[in-house]
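A.B. asks:
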Amino acid sequence: MALSTLKGMQDILPSDIAIWQKAENDLTALASRYGFDEIRTPILEPLELYARGVGEHTDIVQKEMFSFVDQGGVAMCARPEGTASVVRSYLEHNLGQEKPLTKLFYIGPLFRHERPQKGRYRQFHQFGVETIGKRSPSLDVELILMMIDIAKTFGIDQYTLEINSLGDKETRKKYRDVLIEYFSKYQNDFSEHEKKRLKENPLRLLDSKNPKLVHAIKEAPSILDYLSSDSKQFFEDVVEQLNLHKVEYAVNPAIVRGMDYYCDTAFELKSSNLGAQDTIIGGGRYDGLSEQLGGSVIPATGFALGLERLLLSAGKIVPTEHVNIIVMALDSSLEKHALTIADKIREVKTQAKIHFLTDITSMKSGLRAANKYKANHVLILGEDEWSKKSVLWKNFDTKNQEVIAIENITHTLKEIL
Numbered sequence: 392m393a394l395s396t397l398k399g400m401q402d403i404l405p406s407d408i409a410i411w412q413k414a415e416n417d418l419t420a421l422a423s424r425y426g427f428d429e430i431r432t433p434i435l436e437p438l439e440l441y442a443r444g445v446g447e448h449t450d451i452v453q454k455e456m457f458s459f460v461d462q463g464g465v466a467m468c469a470r471p472e473g474t475a476s477v478v479r480s481y482l483e484h485n486l487g488q489e490k491p492l493t494k495l496f497y498i499g500p501l502f503r504h505e506r507p508q509k510g511r512y513r514q515f516h517q518f519g520v521e522t523i524g525k526r527s528p529s530l531d532v533e534l535i536l537m538m539i540d541i542a543k544t545f546g547i548d549q550y551t552l553e554i555n556s557l558g559d560k561e562t563r564k565k566y567r568d569v570l571i572e573y574f575s576k577y578q579n580d581f582s583e584h585e586k587k588r589l590k591e592n593p594l595r596l597l598d599s600k601n602p603k604l605v606h607a608i609k610e611a612p613s614i615l616d617y618l619s620s621d622s623k624q625f626f627e628d629v630v631e632q633l634n635l636h637k638v639e640y641a642v643n644p645a646i647v648r649g650m651d652y653y654c655d656t657a658f659e660l661k662s663s664n665l666g667a668q669d670t671i672i673g674g675g676r677y678d679g680l681s682e683q684l685g686g687s688v689i690p691a692t693g694f695a696l697g698l699e700r701l702l703l704s705a706g707k708i709v710p711t712e713h714v715n716i717i718v719m720a721l722d723s724s725l726e727k728h729a730l731t732i733a734d735k736i737r738e739v740k741t742q743a744k745i746h747f748l749t750d751i752t753s754m755k756s757g758l759r760a761a762n763k764y765k766a767n768h769v770l771i772l773g774e775d776e777w778s779k780k781s782v783l784w785k786n787f788d789t790k791n792q793e794v795i796a797i798e799n800i801t802h803t804l805k806e807i808l
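The numbers in the sequence shown follow the numbering used here, run straight up by one, and end at 808.
1) Please report the distance separating the alpha-carbon of Gly487 from that of Leu421.
2) Please name the residue in Gln508, Asp450, Met754, Tyr617 whose C-alpha comes closest to that of Lys560.
3) Name the one or two DSSP bridge partners that Tyr566 has.
4) Look at the alpha carbon of Met754 and the alpha carbon of Asp548, and state the distance between them as a whole number of angstroms.
5) What three-state label does DSSP hand Asp678 in the structure shown?
6) Do Glu489 and Phe658 have their CB atoms nearer than 8 Å?
7) Can you list, in chain order, the residues of its chain with a C-beta nearer than 6 Å to that of Leu594? Leave out the 5 residues immediately preceding and following it.
8) First and last residue of the alpha helix (DSSP H) that includes Thr803?
9) Using only alpha-carbon positions, find the residue among Asp450, Val688, Ala705, Lys661 that is nearest to Phe545.
10) What does the Cβ neighbour count give for Ser599, buried or exposed, with the cut at 16 atoms within 10 Å?
11) When you compare each of Glu699, Tyr677, Glu583, Ile614 to Ile671 by their alpha carbons, which one comes out closest?
12) In whole angstroms, give me the CA-to-CA distance for Glu447 and Tyr441.
13) From Gly399 to Val452, what does the alpha carbon distance come to, in whole angstroms?
14) Once DSSP output is grouped into helix, strand and coil, what is the label at Asn786?
15) So, with DSSP's three-state summary, where would you put Glu553?
16) Within a Cβ cutoff of 7 Å, which residues of the same chain sit near Glu415, ignoring the five residues on either side of it in sequence?
17) Under 8 Å by Cβ, that's how I've got Phe625 and Pro528 pegged, so tell me the actual separation to the nearest angstrom.
18) For the alpha helix (DSSP H) that contains His606, what are its first and last residues?
19) Per the DSSP calculation, Phe515 is bridged to which residue(s)?
20) Can you tell me whether Gly463 is buried or exposed, with buried defined as 16 or more other CB within 10 angstroms of its CB?
21) Please tell me whether Gly473 and Leu438 are closer than 8 Å, where the distance is taken between their beta carbons.
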């Protein structure tokens, strides 16, 4: 029996790669315009990084990580999210000494043992940005503007922006007690998992998809009524700047985010194209994460998006078109000379794709093969051409053809391309 991918995994095939590359290039260019530098962290990280950073009572740590103990007895896991890895690297390499404000972005695979569904895989790809070093409402707003810029770049017209404040430690401690008292009345409607959440992390109940709790969540006390004076002022400043930029948004007190490190501003950009799991981009402020990972308190804010979900929501993505040049010999004895010609063309360093075809038995079969490669130009080396040290050059775009000396191929190529 032939082997296949594991559950929740997928192959990204050559027919789709051009779209993925275009999306990644557009995101990279956009991040650069906003002043972000790329960072690449290991796929394997210490298990403790996420227990301390993401939160030991979160779904990610308790249920979703691919973790193991290696031959040396070290507990590790395939990274389930990007922020903790970036902050770990920031602290380990003292990146804050280089600039007062460090802006980093990443693109890469992440892993979570979730139930596969539309746009959600166990290995998925994420683009994220992190702004580390300053506590400013303006930096949160800059990220929200960048999220909207991404939506526009990818032709996502039908989206909504929702914001909330998760307050500071003082706020969340007070609000936690309020939620425990409030939701205790609904325990008969709880799943076993939700009963556990009530004790360990009641804020996550606001994110429950249990249909029996829809009304309870809607009527739950709002965290905005329990904000400390500092958090309240911070959120008001964010709202004021969003209004200044004429950004349309809705305040949603039920936005809680999935990681324990978030504080103050939280935001999500949603699209109706994704059904119930409608969040495309999510993020917020996380001023306490660096301290949880063993550093000092360093303010930070960021967001992330899943590329699979972005591509599902995006309008038509037109990948960069490559010129396809085919080099072929009409006799196996001439293939070594045709390969030399292909190598000579590659020295020109164009963006064209140079395809060297072998085992061509006739002009007809060769042209048929060239069509499968969506050829723009075909260089054919037969006995007659080789005797004259030339090739037959067929331009599929103009339908013209001519015999060109091999020594003039690179010059002709530069003129055409």
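C-beta: ideal position from N, C-alpha, C; glycine also. Note that this is a predicted model, so its numbers are computed, not measured.
C.D. replies: Based on what the coordinates show:
1) Position 96 of the sequence shown, counted from the start, is the residue given in the question as residue 487. Position 30 of the sequence shown, counted from the start, is the residue given in the question as residue 421. Computed Cα separation, rounded: 23 Å.
2) For the purposes of this step, residue 560 is identified with residue 169 of the sequence shown, where counting begins at 1. For Lys560, the nearest C-alpha among the options comes from Tyr617.
3) By one-based count along the sequence shown, residue 566 stands at place 175. In the DSSP assignment, no residue is bridged to Tyr566.
4) Position 363 of the sequence shown, counted from the start, is the residue given in the question as residue 754. Position 157 of the sequence shown, counted from the start, is the residue given in the question as residue 548. Roughly 49 Å between the two C-alpha positions.
5) Within the sequence shown, numbered from 1, the residue matching residue 678 stands at position 287. Three-state DSSP puts Asp678 in coil, outside helix and strand.
6) Residue 489 sits at position 98 when you count from the first residue of the sequence shown. Residue 658 sits at position 267 when you count from the first residue of the sequence shown. Not in contact: Glu489 and Phe658 (Cβ atoms no closer than 8 Å).
7) In the sequence shown, residue 594 corresponds to position 203, counting from 1. The answer, listed in chain order, is Val647.
8) Translated into positions along the sequence shown, residue 803 becomes position 412. Residues 800-807.
9) On the sequence shown, residue 545 is found 154 positions in, with the first residue counted as 1. Out of Asp450, Val688, Ala705, Lys661, Ala705 has the C-alpha closest to the C-alpha of Phe545.
10) Locating residue 599 in the sequence shown gives position 208, counting from the first residue. Answer is buried; the Cβ neighbour count reaches 16.
11) Position 280 of the sequence shown holds residue 671. Answer by Cα proximity: Glu699.
12) As a first step, residue 447 is located in the sequence shown; it is residue number 56 there, counting from the start. As a first step, residue 441 is located in the sequence shown; it is residue number 50 there, counting from the start. If you take the alpha carbons of Glu447 and Tyr441, they lie about 8 Å apart.
13) By 1-based counting over the sequence shown, the position of residue 399 is 8. By 1-based counting over the sequence shown, the position of residue 452 is 61. For Gly399 and Val452, the distance between alpha carbons rounds to 18 Å.
14) Along the sequence shown, read from residue 1 onward, the residue named residue 786 stands at position 395. For Asn786, the three-state secondary structure derived from DSSP is strand.
15) Here residue 553 refers to the residue found at position 162 when the sequence shown is read from its first residue. Note: Glu553 maps to strand in three-state DSSP.
16) Your numbering for residue 415 matches position 24 in the sequence shown. Ile498.
17) Locating residue 625 in the sequence shown gives position 234, counting from the first residue. Locating residue 528 in the sequence shown gives position 137, counting from the first residue. At roughly 6 Å, the Cβ-Cβ gap stays under 8 Å, so Phe625 and Pro528 are in contact.
18) The sequence position of residue 606 within the sequence shown is 215, counting from 1. It spans 605-609 - the alpha helix (DSSP H) in which His606 sits, taken as one unbroken run.
19) For the purposes of this step, residue 515 is taken as the residue at position 124 of the sequence shown. Phe515 pairs with Leu501.
20) Along the sequence shown, read from residue 1 onward, the residue named residue 463 stands at position 72. Burial state of Gly463 is exposed, judged by a 10 Å Cβ sphere holding fewer than 16 other Cβ atoms.
21) Here residue 473 corresponds to residue number 82 of the sequence shown, with the count starting at 1. Here residue 438 corresponds to residue number 47 of the sequence shown, with the count starting at 1. Against a cut-off of 8 Å, the Cβ pair of Leu438 and Gly473 comes out as no contact.
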